[in-house]
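Residue numbers (our numbering): 25 to 154. A virtual CB, placed ideally from N, CA and C, is assigned to each residue, including glycine.
Here is the structure:
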């Protein structure tokens, strides 16, 4: 089987979810000796899968969702993350992090890096894929 064929999707999703939930439960409870997890929810597929597997492994009372939007985040992403948290029955919190990123220079450093390969970059340029 080649790594880039349609056969990579030939697996039992339920069995895989069970196995992943069991390994997560083992890692959190036995190895890390913790009672729950905090999952950063972006509204995307990866964090949504982690949250759902965490709920399956530990139960909704032991999973906390943390949403960290910033000034360039899409409103739709936050709405999807909140909807997922409600659907999974987990508590969550939203913390806007633009001021932290601004203070740390993240936007400035990002713009400098982009400008190094695209000197014409101005604040009016639309370069982010939405």
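{"Check": "For a quick check, are the C-beta atoms of residue 107 and residue 91 less than 9 Å apart?", "Outcome": "no"}
{"Check": "Roughly how many whole angstroms lie between the Cα atoms of residue 50 and residue 114?", "Outcome": "20 Å"}
{"Check": "Looking at residue 74 and residue 63, is the spacing between their C-beta atoms short of 9 Å?", "Outcome": "yes"}
{"Check": "Could you name the residues that DSSP lists as bridge partners for residue 115?", "Outcome": "88"}
{"Check": "Would DSSP call residue 128 helix, strand or coil?", "Outcome": "coil"}
{"Check": "Looking at residue 105 and residue 89, is the spacing between their C-beta atoms short of 9 Å?", "Outcome": "yes"}
{"Check": "Considering only their Cβ atoms, is the gap separating residue 143 from residue 121 smaller than 9 Å?", "Outcome": "no"}
{"Check": "Since I believe residue 45 is in contact with residue 80 (beta carbons under 8 Å), could you give me their beta-carbon distance rounded to a whole number of angstroms?", "Outcome": "4 Å"}
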